[in-house]
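Q:
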Ligand code: ADP
Ligand code: MG
Ligand code: MG
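In the working numbering, the protein residues as written are 26 to 929.
1. Measure how close the beta-carbons of residue 893 and residue 917 come, nearest whole angstrom, since I'm counting them as under 8 angstroms.
2. Closer than 7 angstroms by C-beta to residue 567: which residues in its own chain qualify, once you throw out the five before and the five after it? Chain order, please.
3. Along the beta strand (DSSP E) that carries residue 361, what are the first and last residues, could you check?
4. When you compare the CB positions of residue 24 and residue 885, do they come within less than 8 angstroms of one another, or not?
5. Contact check, residue 792 vs residue 817 under 8 angstroms by CB: the rounded distance?
6. Would you say residue 153 touches ligand 1, meaning its beta carbon is less than 7 angstroms from a heavy atom?
7. Does the distance from the CB of residue 454 to the CB of residue 430 come in under 8 angstroms?
8. How far does the beta strand (DSSP E) with residue 353 in it extend, from its first residue to its last?
9. Would you mind stating whether residue 609 and residue 561 have Cβ atoms separated by less than 8 angstroms?
10. Would you call the segment 896-913 and the segment 592-605 in contact, with 3 or more CB pairs under 8 angstroms?
11. Hey, which residues come within less than 6 angstroms of ligand 2, measuring from Cβ to any heavy atom, in chain order?
12. When we look at the beta-carbon of residue 415 and count the other beta-carbons within 10 Å, is it buried (16 or more) or exposed?
13. With burial defined as no fewer than 16 other Cβ atoms inside 10 Å of the residue's Cβ, what is the status of residue 675: buried or exposed?
14. Nearest CA to the CA of residue 138: which residue from 171, 129, 127 and 124?
15. Is residue 701 helix, strand or coil when you go by DSSP?
16. Where are the beta strand (DSSP E) runs, 3 residues long or more, that stay fully inside the segment 396-481, in chain order?
17. For ligand 1, is there a heavy atom less than 7 angstroms away from the beta-carbon of residue 306?
18. Tell me whether the beta-carbon of residue 18 lies closer than 8 angstroms to the beta-carbon of residue 657.
19. Does the Cβ of residue 483 lie closer than 7 angstroms to at least one heavy atom of ligand 1?
20. Could you spell out the range, first to last residue, of the beta strand (DSSP E) harbouring residue 322?
21. Residue 287 and residue 239 - do their beta-carbons sit closer together than 8 angstroms?
22. Would you call the segment 63-80 and the segment 355-370 in contact, with 3 or more CB pairs under 8 angstroms?
23. From 115, 469, 167 and 140, pick the residue whose C-alpha is nearest to that of residue 154; which is it?
24. Using a Cβ cut-off of 8 angstroms (strictly closer), state whether residue 649 contacts chain D.
25. Do you know how far the Cα of residue 883 is from the Cα of residue 795?
26. Compute the Euclidean distance between the alpha carbons of residue 924 and residue 887, then round it to the nearest angstrom.
27. Quick check on residue 210: does DSSP put it in helix, strand or coil?
28. Leaving out five residues on either side along the sequence, give the residues of the same chain with a beta carbon under 8 angstroms from the beta carbon of residue 555.
29. Is residue 270 near ligand 1, in the sense that its beta carbon is under 7 angstroms from a heavy atom of that ligand?
30. Comparing the CB of residue 105 with every heavy atom of ligand 1, is any distance shorter than 7 angstroms?
31. Is the CB-CB distance between residue 651 and residue 587 below 8 angstroms?
32. Determine the direct distance from the alpha carbon of residue 34 to that of residue 73, and round the result to whole angstroms.
33. In terms of residue numbering, what span does the alpha helix (DSSP H) encompassing residue 548 cover?
34. Restricting to Cα atoms, I'd like to know which of 646, 618, 625 and 661 is closest to residue 636.
35. Please report the straight-line C-alpha distance between residue 94 and residue 123, rounded to a whole angstrom.
36. To which residues of the same chain is residue 26 closer than 7 angstroms at the C-beta, ignoring the five residues directly before and after it?
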């Protein structure tokens with residue numbers, strides 16, 4: 026049974042909590058508590074809850090009572106361990122570890138070996154009979170503490186230690202002999218005193234207090250903020266702090282530390298997987314500084330610990346019913362589990378593992394659906410490398426995050442961002458990465474490192490961001506100063522040279538490798554039979570079919586051309602939710618629009634409309650044929666007329682030049698007055714949509730006639746036609762009523778003339794805030810609504826997408842005003858509220874109203890969950906996003922509640 030932890034307290038023993046308490050204990054703390062309850066070998070300790078962090082960040086001080094609670098829990102920990110913190114004779118040492126609700130790898134601070142002082146280090150020497158170990162632990166504490174708690178610059182600390190390197194000919198501190206490390210400690214303490222004006226605190230309780238505060242502060246560092254914005258993690262959660270008795274992996278060859286996964290997080294292959302590093306502590310493994318061995322080798326190094334680890338991993342996977350990742354340490358042959366969580370994984374691994382767990386009877390198909398996301402399916406639909414056509418492979422490394430990345434080499438974040446700003450795709454090349462490289466990783470399409478394995482910082486972050494990554498390419502030497510890399514064979518890659526990374530197999534090529542379609546797309550296209558497909562394609566197929574069986578939301582496509590409509594059918598569309606007619610006026614037909622605008626009198630105008638009618642009728646007939654049996658929603662012409670005419674400035678110049686050179690440009694002279702007449706200073710808010718239909722007589726009637734006649738033609742061919750006519754930019758009922766009368770008149774006339782009536786529904790596009798607010802009345806004249814969320818977003822925010830996306834959005838995203846562009850993911854708070862109002866009002870006005878959405882948001886995973894919750898009947902999106910929409914609609918149907926459905 027889980028105890029409910031009251032929020033009147035701030036500090037909780039590991040034995041008190043459970044995995045459901047991530048809000049209060051953070052992910053790491055909640056999972057440490059869970060493992061403690063399961064009886065796994067977790068060093069004892071306690072968690073200071075996120076409530077204390079929030080109070081600290083607000084007031085700059087720990088709330089009253091926290092210090093006392095910490096003391097009480099520390100005393101209890103000391104009793105359990107039979108040692109006192111920092112006891113000069115035999116010190117208890119502790120770690121102080123950050124841990125927020127959502128994992129933020131490497132973003133916040135952890136401080137190890139707290140409790141070591143000038144005195145207690147001697148106690149540790151005596152008690153461990155290992156001088157090297159004791160002084161190296163003190164050295165680690167001084168370095169970590171100085172950097173994270175006291176803000177001493179890393180270079181100063183490096184320099185303090187490095188003075189000893191030359192003499193001993195070594196490159197890392199732990200290779201130094203004990204006496205040299207002792208001297209390095211003295212140098213570090215001097216650096217600290219010089220830099221901060223105070224000596225390194227020799228009171229263990231003060232060390233702990235300052236460390237806790239530093240962890241709380243690390244929640245607010247710019248890099249942590251950037252990470253949260255990227256991952257859509259709220260800024261106000263705060264972090265918990267875990268205080269834990271230290272165990273030591275750096276006590277010789279019978280000790281070590283490692284990271285393990287219960288399944289391969291890159292491919293999803295079953296079987297334990299991980300990296301182990303002998304005689305090492307803490308971040309040594311993930312830092313990728315020293316080379317690790319595969320976990321399997323631990324079976325030879327220390328069979329007992331290996332067996333213990335494998336059984337703990339199997340217990341954890343059974344308990345969490347999912348892939349877990351684990352941090353462990355072995356101290357002199359004794360295994361300790363220091364952390365676990367449900368592990369991050371690549372998109373391919375997510376699908377494979379979900380289906381494996383169903384087959385192993387661990388989870389149901391409904392649960393499996395919640396283990397994958399539309400965004401992950403989107404990643405699987407990206408193209409990958411095909412034939413290399415002579416582009417040479419220059420190196421190989423660890424396939425850390427799959428995909429195909431082609432871009433120019435950049436050797437640091439600044440260069441990566443600069444290339445990206447110039448429109449280049451970038452491959453970031455580093456020896457290893459750390460959190461400071463995040464801006465460069467964000468700017469890059471691919472990441473290459475020369476050190477570290479699948480669990481290195483570069484690998485973990487790349488997988489999280491869905492970017493291609495090859496790491497541990499140790500045959501490549503990177504010279505960041507000279508901005509170049511050299512292969513073992515002497516091939517030089519300069520900054521700006523083209524590189525191709527295959528993150529699926531771990532290959533680096535110099536030059537541009539051609540990219541081919543993904544097998545998942547080939548399968549959707551019908552080019553790949555399921556019987557020849559691999560397990561990934563089969564997993565996608567199985568989960569998609571299950572999503573289809575569950576979802577209540579229909580899935581339609583936005584398609585204007587027959588080829589798009591055909592793809593839409595293959596990809597699972599149940600209709601066309603948006604068929605735009607604009608393209609039918611472009612190209613060679615443009616002159617028809619010119620003539621329409623220039624027409625002198627209704628007779629000439631009618632002649633032009635007749636010509637357009639013939640063309641449009643053929644277009645519609647073609648789409649109706651393709652969509653035999655399914656509805657097709659045709660939107661009447663929407664954009665302002667000037668978009669089909671020559672540009673005013675161009676035209677004025679042509680006319681002016683003609684006059685000045687005595688060679689009048691007749692064409693320009695003829696068009697100029699008309700273009701001037703319809704010129705608008707704000708075309709987006711001018712003569713377009715339903716207004717155009719009302720102001721230019723005959724335009725909508727002609728389109729309706731083309732639709733109706735095409736429907737009759739195709740129906741006579743024996744096909745089932747379900748045309749729907751959608752009126753754009755409606756703001757009030759009177760507009761729609763007027764247009765509807767005209768449309769119904771034309772439909773009736775066509776029916777009478779042809780002797781065949783094709784049932785045609787008439788509806789409104791809801792894309793103006795006023796339409797949403799007045800939806801009840803509009804619904805009296807509408808058979809259906811379709812939200813045009815692109816325009817609705819523009820008009821709700823009062824900005825024009827074309828203008829603001831480049832000029833304003835980068836700053837807005839940086840400043841955290843937007844977590845994500847409102848054109849990418851629906852602004853639920855504002856635009857979403859209008860959607861909910863319109864759904865409620867619309868159904869009140871017309872209980873049979875069918876409601877869909879045809880803006881780009883119809884294919885966005887987060888927005889689809891919202892539309893399902895808002896009670897829409899269908900979403901419509903581009904053909905390529907249909908599988909994503911089907912999956913997300915299925916997930917929305919089986920999710921416990923739409924808000925708890927959190928996959929981070
Ligand atoms: P992160 O959240 O960045 O993974 P952790 O709090 O897990 O940071 O700490 C990083 C590493 O420090 C751990 O993986 C572990 O190896 C080491 N560590 C933390 N606490 C202890 C401890 N009590 N004893 C030994 N090693 C520890
Ligand atoms: Mg960790
Ligand atoms: Mg629109």
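Each residue gets a CB set at the ideal place from its N, CA and C atoms; glycine is no exception.
A: For this structure:
1. Contact between residue 893 and residue 917 holds, with the beta-carbon distance rounding to 4 angstroms and staying under 8 angstroms.
2. Only 380 meet the Cβ criterion.
3. For residue 361, the enclosing beta strand (DSSP E) covers residues 359-367.
4. This structure does not reach residue 24, given that the chain is present from 26 up to 929, and the question cannot be answered.
5. For residue 792 against residue 817, the beta-carbon gap comes to about 5 angstroms, under 8 angstroms, which counts as contact.
6. Because no heavy atom of ligand 1 lies under 7 angstroms away, the Cβ of residue 153 does not count as near it: no.
7. It is not a contact, given that the beta carbons lie outside the stated cut-off.
8. Where residue 353 is concerned, the enclosing beta strand (DSSP E) starts and stops at 349-356.
9. Their beta carbons are not under 8 angstroms apart, which means residue 609 does not touch residue 561 by this criterion.
10. Touching, per the Cβ criterion.
11. Listed by position in the chain, the residues whose beta carbon lies within less than 6 angstroms of some heavy atom of ligand 2 are 352 and 364.
12. Residue 415 is exposed by the Cβ-count criterion.
13. Note on residue 675: under 16 other CB atoms within 10 angstroms of its CB, so exposed under the neighbour-count rule.
14. Check the Cα spacing between residue 138 and each of 171, 129, 127 and 124: the tightest is with 171.
15. Assigned with DSSP and collapsed to three states, residue 701 falls in helix.
16. Listed in chain order, they are 418-421, 423-426, 429-435, 451-455 and 471-474.
17. Indeed, a heavy atom of ligand 1 lies less than 7 angstroms from the Cβ.
18. Nothing about residue 18 can be reported from this structure: the residues present for the chain run from 26 to 929 only.
19. Closer than 7 angstroms to some heavy atom of ligand 1: that does not describe the Cβ of residue 483.
20. Counting along the chain, no beta strand (DSSP E) covers residue 322, and no H or E run does either.
21. Residue 287 sits away from residue 239, with the two beta carbons spaced by 8 angstroms or more.
22. Yes, the segment 63-80 is in contact with the segment 355-370.
23. For residue 154, the closest of 115, 469, 167 and 140 by C-alpha to C-alpha distance is 115.
24. No chain D appears in the structure shown, which is made up of a single protein chain.
25. C-alpha separation (whole angstroms): 21 angstroms.
26. For residue 924, the predicted model reports a pLDDT of 45, less than 50, meaning its position is unreliable and no value from the coordinates is stated.
27. Correct three-state label for residue 210: helix.
28. Correct list, in chain order: 548, 562, 563 and 566.
29. Placement of the Cβ of residue 270 at a distance of less than 7 angstroms from at least one heavy atom of ligand 1 is found.
30. For ligand 1, no non-hydrogen atom lies closer than 7 angstroms to the CB of residue 105.
31. Yes.
32. Cα to Cα, the separation comes out at about 9 angstroms.
33. Going by DSSP, residue 548 is part of the alpha helix (DSSP H) stretching over 544-549.
34. Here the closest residue by C-alpha is 618.
35. Roughly 18 angstroms between the two C-alpha positions.
36. Bear in mind that the predicted position of residue 26 carries a pLDDT of just 41, short of 50, making it too unreliable to give a figure here.
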